[in-house]
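**Q** In my numbering, the protein residues as written are 75 to 598. There's a structure below that I have some questions on.
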């Protein structure tokens, strides 16, 4: 490798170049800090390395095996992780929602989960900053939560046939809906074109109309002097005799290197961040780094993400347009009329043929659908509409990231991901599936398939004011090691009922401001 900072002690080393890592790299390098970003996956060129191909672009998800366990073991990969510079932002749908104030106070308001050490007001300026930086498009009025618009760019128009079906069903039932807020351009911005509704958002956006840190924050970080090293697997966070972090050990092309740094930031996401902390155990930190509380890896969450498919008399064509173009949050908050706490978001969510076929094979009442029945259904693909759930899952310490006995090619123990839904989670899912079915029926469809699914990962290194029950403070600074930070979705205390990317990036921008201020005062 041609190295810019080889053999040097840099100000900051960042592990992971996804949603959070990209923001941190840009902000800190533009502040004049020497920054090295280490990414396990490749550095892609959207025009040459993305393809309008569902199967080929599964490679955008994490490629290494993980061990799953629990009553509801998760499917790991493309649906909940990224692989390469840009991380999951290269293949997410672009839905860009803010958390509500209630998301930060679930224990106080609803008696479930835990309260965050921050509130909505702490993130509000950073939500605004990020949305302006990437020109989020959104509706003229957003009726839920604390932010009601306007968005930097106007809402997407026209919306897809599936979104029109969703809107029709919602209106007949008196359910409010909006065109989804999206990190996808509705008009030109900087050197990027507006979306032309190719619909391959989950396979990587070749024209660059959809935001990703690969095309926005990382190039700006490099321009400001950051060194971004792809295909580099970090295997250890190193510490000295005093217990401070000194840098990281990483492997590139079977050669082991060390990058020394004054400050180490882990932005490796919800599975790999706890895995790395636990694997970095030493004589001083026998239970893993930043784990004096015992909470590293614990209480991670996913979103329940079930799909309901309904057959219509007229063609819907789920492949047309941006996948998510209509949304409702009418069921987002706890209601005394329901038998569960918290709530969910519903999206009109398009899907391409391979994913459609794969999903419905898992949805039969009497077991998997195969053979003649599967062929008959897939032949009618164009006549199906779809609604997808983003359901809040409550934190449970038994849902945990731990180390397995099996090791990968780098000699690291593979992550073991143990997950089970709780009773509240299951009641929420049951209600949401009923609501989705009602919307599709009201629009003239006949619900036929319910596909169980999950998406997004959060928690496992949660923030808090009490070092005995949390891993980091509200800025992502670990309680145990002052120059070791965690900044990704693993610091989430609760999952919320909406897509998390905006909150991940807002937290990263807030952490960057804190680091800039404290580094300037020489406190780190």
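For each residue, glycine too, the CB sits at the ideal point set by N, CA and C.
For the alpha helix (DSSP H) containing residue 200, list its first residue and its last residue.
**A** Position 126 of the chain shown, counting from 1, holds the residue named residue 200. 194 to 208 is the extent of the alpha helix (DSSP H) around residue 200.
**Q** According to DSSP, residue 337 sits in a beta bridge with which residue or residues?
**A** Here residue 337 corresponds to residue number 263 of the chain shown, with the count starting at 1. DSSP output for residue 337 lists 86 as bridge partner(s).
**Q** Which class does residue 277 belong to by DSSP, given the choice of helix, strand or coil?
**A** By one-based count along the chain shown, residue 277 stands at place 203. Correct three-state label for residue 277: helix.
**Q** So, for residue 281: in the same chain, excluding its five sequence neighbours on each side, which residues have a beta-carbon less than 6 Å away from its beta-carbon?
**A** Reading the chain shown from its first residue, position 207 is the one you call residue 281. Closer than 6 Å at the Cβ level, and outside the excluded window around residue 281, lie 267.
**Q** Within 10 angstroms of the Cβ of residue 540, are there 16 or more other Cβ atoms? Answer buried if so, exposed if not.
**A** As a first step, residue 540 is located in the chain shown; it is residue number 466 there, counting from the start. Counting Cβ neighbours within 10 Å, residue 540 comes out exposed, since fewer than 16 surround it.
**Q** When DSSP builds the beta bridges, which residues end up paired with residue 101?
**A** Mapped onto the chain shown, residue 101 falls at position 27. Bridge pairing for residue 101: absent [DSSP].
**Q** Based on Cα-Cα distance, which residue from 535, 543, 462 and 538 lies nearest to residue 507?
**A** Numbered from its first residue, the chain shown carries residue 507 at position 433. For the residues 535, 543, 462 and 538, the minimum Cα distance to residue 507 belongs to 462.
**Q** So, at 7 Å on beta carbons, what are the nonlocal neighbours of residue 182 in its own chain, with the 5 sequence-adjacent residues on each side left out?
**A** If you number the chain shown from 1, residue 182 lands on position 108. Within the same chain, and ignoring the five residues on either side of residue 182 in sequence, the residues whose Cβ sits closer than 7 Å to its Cβ are 189.
**Q** Mind pulling the beta strand (DSSP E) runs of 3 or more residues that sit fully within the stretch 297 to 321?
**A** 301 to 303 and 307 to 313
**Q** Ignore the nearest five residues each way along the sequence and tell me which others in residue 123's own chain have a CB closer than 6 Å to its CB.
**A** The residue labelled residue 123 in the question sits at position 49 within the chain shown. So the list is empty, once near-sequence residues are dropped.
**Q** Taking only three categories from DSSP, how would you classify residue 505?
**A** The residue you call residue 505 lines up with position 431 of the chain shown. Residue 505: helix per DSSP, three-state reduction.
**Q** On the three-pair Cβ rule with 8 Å, is the stretch 519 to 537 touching the stretch 330 to 347?
**A** Counting Cβ pairs under 8 Å, three or more are found: they touch.
**Q** For chain B, find out if any of its Cβ atoms is closer than 9 Å to the Cβ of residue 251; answer yes or no.
**A** The structure shown contains no chain B; it is built from a single protein chain.
**Q** Output yes or no for whether 9 Å exceeds the beta carbon distance between residue 575 and residue 162.
**A** In the chain shown, the residue the question calls residue 575 occupies position 501. In the chain shown, the residue the question calls residue 162 occupies position 88. In this structure, residue 162 lies closer than 9 Å to residue 575 by Cβ.
**Q** Using 9 Å as the threshold, is the C-beta distance between residue 433 and residue 237 below it?
**A** Sequence index remark: in the chain shown, residue 433 carries index 359 (1-based). Sequence index remark: in the chain shown, residue 237 carries index 163 (1-based). In this structure, residue 433 lies away from residue 237, with their beta-carbon atoms at least 9 Å apart.
**Q** Would residue 127 be called buried (16 or more neighbouring beta carbons within 10 Å of its own) or exposed?
**A** For the purposes of this step, residue 127 is taken as residue 53 along the chain shown, with counting starting at 1. Residue 127 is exposed by the Cβ-count criterion.
**Q** On the criterion of 16 or more Cβ atoms from any shown chain inside 10 Å, does residue 270 qualify as buried, or is it exposed?
**A** Residue numbering aside, residue 270 sits at position 196 when the chain shown is read from its first letter. Residue 270 is exposed by the Cβ-count criterion.
**Q** Nearest CA to the CA of residue 196: which residue from 213, 594 and 174?
**A** For this step, residue 196 is matched to residue 122 along the chain shown. The option with the nearest alpha carbon to residue 196 is 174.
**Q** From which residue to which residue does the alpha helix (DSSP H) around residue 522 run?
**A** The residue given as residue 522 occupies position 448 in the chain shown. Per DSSP, residue 522 belongs to no alpha helix (DSSP H); it is in the beta strand (DSSP E), 520 to 525.
**Q** Closest to residue 323 by CA distance: which of 338, 317 and 316 is it?
**A** As a working note, residue 323 is residue 249 in the chain shown. For the residues 338, 317 and 316, the minimum Cα distance to residue 323 belongs to 338.
**Q** Do you know offhand how far residue 527's Cα is from residue 358's?
**A** By 1-based counting over the chain shown, the position of residue 527 is 453. By 1-based counting over the chain shown, the position of residue 358 is 284. Each residue's Cα considered, the two are about 41 Å apart.
**Q** For the candidate residues 586, 590, 577 and 217, whose alpha-carbon lies nearest to that of residue 193?
**A** Counted from its first residue, the chain shown places residue 193 at position 119. It is 577 whose Cα lies nearest to the Cα of residue 193.
**Q** Where does the unbroken alpha helix (DSSP H) through residue 347 begin, and where does it stop?
**A** By 1-based counting over the chain shown, the position of residue 347 is 273. Where residue 347 is concerned, the enclosing alpha helix (DSSP H) stretches over 343 to 353.
**Q** Short check: CB of residue 421 to CB of residue 254, under 9 Å?
**A** The residue labelled residue 421 in the question sits at position 347 within the chain shown. The residue labelled residue 254 in the question sits at position 180 within the chain shown. A contact, by the Cβ cut-off of 9 Å.
**Q** So, is residue 207 buried or exposed, given that buried needs 16 or more other C-beta atoms within 10 angstroms?
**A** For the purposes of this step, residue 207 is taken as the residue at position 133 of the chain shown. Result: buried.
**Q** In whole angstroms, give me the CA-to-CA distance for residue 115 and residue 152.
**A** For the purposes of this step, residue 115 is taken as the residue at position 41 of the chain shown. For the purposes of this step, residue 152 is taken as the residue at position 78 of the chain shown. Their Cα atoms are separated by approximately 13 Å.
**Q** Let's test the definition: count the other Cβ atoms within 10 Å of the Cβ of residue 214 and tell me whether it reaches 16, buried, or not, exposed.
**A** Within the chain shown, the letter at position 140 stands for residue 214. Residue 214 should be labelled exposed.
**Q** Confirm the yes/no value for this check: CB of residue 223, any heavy atom of the ligand ADP, distance under 8 Å.
**A** As far as ligands go, the structure on display features none, and thus does not contain the ligand ADP.
**Q** Do residue 105 and residue 481 have their C-beta atoms within less than 9 Å of each other?
**A** For the purposes of this step, residue 105 is taken as the residue at position 31 of the chain shown. For the purposes of this step, residue 481 is taken as the residue at position 407 of the chain shown. Contact flag unset, no.
**Q** For residue 205, count neighbouring C-beta atoms within 10 Å of its own C-beta (all shown protein chains included) and say buried if the count is 16 or more, exposed if not.
**A** By 1-based counting over the chain shown, the position of residue 205 is 131. Residue 205 comes out buried.
**Q** Distance check for residue 263 and residue 226, CA to CA, integer angstroms please.
**A** Here residue 226 refers to the residue found at position 152 when the chain shown is read from its first residue. Here residue 263 refers to the residue found at position 189 when the chain shown is read from its first residue. If you take the alpha carbons of residue 226 and residue 263, they lie about 11 Å apart.
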